[in-house]
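Just so you know, we're using the working numbering here: the sequence shown kicks off at 2 and counts up by one. Working notes, structure below.
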Amino acid sequence: MLKLFLSLLIINFASGELVGGISEFDLHENSDSEFYSYLVDESLRRINFESKDHRHWKLDRIFSSSKQVVNGIKYRLSFVTVQTQCNKQNDKERIELKLCSVRDDAPKQLCQSEVLVKAWESSQEFVNKGCSHFEEKEKKVENNVQGRNESLSKVIDTQAETIFRISKHIKPKDFGVWNLFTGFMDRHKKQYESKKEILRRFRVYKRNTRAAKVLQKQELGTAVYGETQFMDLTADEFRKIYLPYTWESPSFPVKKLDPEDIEDDDIPDAFDWRSKDVVTPVKNQGSCGSCWAFSVTGNIEGQWAKKTGKLVSLSEQELVDCDVIDQGCNGGLPLNAYKEIIRMGGLEPENEYPYDGHKESCHLARKDIAVYINDSVQLPPDEKKMAIWLFKNGPISVEDRVLLKNGGTCPEEKTRVSLGEEEKVPQEVKLLRR
2 MLKLFLSLLI
12 INFASGELVG
22 GISEFDLHEN
32 SDSEFYSYLV
42 DESLRRINFE
52 SKDHRHWKLD
62 RIFSSSKQVV
72 NGIKYRLSFV
82 TVQTQCNKQN
92 DKERIELKLC
102 SVRDDAPKQL
112 CQSEVLVKAW
122 ESSQEFVNKG
132 CSHFEEKEKK
142 VENNVQGRNE
152 SLSKVIDTQA
162 ETIFRISKHI
172 KPKDFGVWNL
182 FTGFMDRHKK
192 QYESKKEILR
202 RFRVYKRNTR
212 AAKVLQKQEL
222 GTAVYGETQF
232 MDLTADEFRK
242 IYLPYTWESP
252 SFPVKKLDPE
262 DIEDDDIPDA
272 FDWRSKDVVT
282 PVKNQGSCGS
292 CWAFSVTGNI
302 EGQWAKKTGK
312 LVSLSEQELV
322 DCDVIDQGCN
332 GGLPLNAYKE
342 IIRMGGLEPE
352 NEYPYDGHKE
362 SCHLARKDIA
372 VYINDSVQLP
382 PDEKKMAIWL
392 FKNGPISVED
402 RVLLKNGGTC
412 PEEKTRVSLG
422 EEEKVPQEVK
432 LLRR
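Shown next as structure tokens:
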């Protein structure tokens with residue numbers, strides 16, 4: 002009996018595999034390839050289910066695979082997925098991914114999944130460890146054996162490779178939020194310089210996710226808190242970039258509208274100025290603190306279109322560069338901006354003075370000015386009065402803070418373009434355009 006035990010022990014170690022170690026294997030060249038294909042397909046199905054993307058992803062190829070004997074067999078799968086043209090809204094349960102078409106320039110992701118298989122319990126535990134942007138590049142490498150250059154394709158980009166390494170060390174309790182974070186990075190094209198920076202932004206994202214949940218529980222109005230493009234910024238960073246300056250009241254007289262001058266007329270339950278062709282498409286200020294400029298141009302675009310029938314996209318960059326009262330990318334006040342537009346003689350179109358998100362020297366060409374204003378007025382801080390004015394007169398400039406908000410009503414400057422009333426909520430809900 003002792004001899005038999007020793008023989009088995011020697012045979013086991015002679016195989017060259019470390020007991021409990023991780024061993025690589027090829028899914029396609031294995032007798033159990035059908036079972037492994039099932040593991041990949043099921044992992045992908047779960048990724049599609051958990052993803053916030055509007056389109057389905059399907060398998061492009063297997064990147065790597067390994068297994069490890071633990072309390073069962075743990076399979077680690079890395080595979081590249083590609084975004085299809087199939088929309089999740091149509092038939093997300095029964096859709097045949099293999100039949101979904103793919104554009105030549107479709108984005109790709111590198112995804113990781115772990116599966117713990119316990120054969121004696123007939124159970125499989127799937128854990129999605131997240132996906133990150135995958136970029137294929139052509140890279141030349143020297144072949145030392147044959148003494149010639151070969152083209153090495155399908156090289157993972159640096160950030161995706163870093164994320165791949167980090168994923169192996171994420172704590173199980175953080176898998177869910179890590180998966181959300183990698184999806185957030187891909188959706189908003191976030192690029193970080195190092196592993197340290199990725200982990201720092203992940204911690205910020207995690208704190209903001211928790212904060213959004215707490216705020217939503219405490220919300221008594223209609224605001225909706227959740228993921229925004231700013232979720233990797235701390236409150237101080239957001240304030241520095243997007244709310245960079247605390248302004249005193251303007252030194253010049255401000256024309257204020259008396260609430261009594263706005264009659265309490267009946268207004269519809271819902272109204273949207275976008276349907277009247279007086280609102281330009283949503284714009285992006287980037288990392289420049291120029292929200293004040295976008296709010297003002299949006300207001301003037303709407304008012305000009307309503308008065309003349311011509312919708313013109315106006316230049317925010319002109320205000321950033323040429324407004325001598327406000328502070329460009331360091332913030333501004335709409336009340337100041339209106340006065341400056343009158344001083345300058347008006348605003349150029351966006352295509353004549355395009356936005357680049359940096360304060361530069363003013364190069365206003367008065368011959369290109371397309372829109373002018375004669376005056377501005379400050380509305381009373383009354384939601385009902387503002388709603389009536391909005392309905393009667395067109396888009397207005399308002400203030401709203403949006404670090405963790407992705408819907409509802411609740412300050413950063415924006416253009417208010419619509420009104421409505423939600424069921425069981427006795428307050429008007431406005432649509433804000435940036």
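Backbone N, C-alpha and C define an ideal beta-carbon position, used for all residues, glycine too.
| Query | Result |
| --- | --- |
| Segment contact flag, the region 259-275 with the region 283-301, C-beta cutoff 8 Å, min 3 pairs | no |
| Which of helix, strand or coil DSSP assigns to Leu-320 | helix |
| Bridge partners - Leu-78, DSSP secondary structure assignment | Ser-66 and Ser-114 |
| Whole-angstrom distance between Glu-353 and Cys-330, CA atom to CA atom | 20 Å |
| Rounded separation between Val-399 and Ala-366 - CA only | 29 Å |
| Where Arg-104 falls: helix, strand or coil (DSSP) | coil |
| For Val-225 and Asp-42, the rounded distance between their alpha carbons | 34 Å |
| Proximal residues to Asp-278 (C-beta, below 8 Å), its chain only, five neighbours per side dropped | Ala-306 and Leu-312 |
| Residues that DSSP places opposite Gly-333 in a beta bridge | Gly-333 pairs with nothing; no bridge assigned. |
| Buried versus exposed, by CB contacts within 10 Å (16 or more), Gln-86 | exposed |
| Local Cβ density within 10 Å of Glu-319, reported as buried at 16 or more and exposed below that | buried |
| Distance cut-off 8 Å: Asp-259 Cβ against heavy atoms of the ligand PLP | As presented, the structure is devoid of all ligands, the ligand PLP included, so that no description of it is given. |
| Local conformation of Lys-119 per DSSP, three classes | strand |
| Asp-175 (DSSP reduced to helix, strand or coil) | helix |
| N- and C-terminal bounds of the alpha helix (DSSP H) containing Lys-196 | 196-219 |
| Delimiting residues of the alpha helix (DSSP H) encompassing Gln-304 | 292-309 |
| Bounding residues of the beta strand (DSSP E) (the contiguous stretch that carries Gln-125) | 124-135 |
| Nearest-angstrom Cα separation, counted from Lys-191 out to Ala-120 | 41 Å |
| Counted within 10 angstroms of its Cβ, other Cβ atoms place Pro-55 as buried (16 or more) or exposed | Reading off the sequence, residue 55 comes out as His, not Pro. When all chains shown are included, His-55 counts as exposed. |
| Where Tyr-373 sits in the DSSP three-state scheme | coil |
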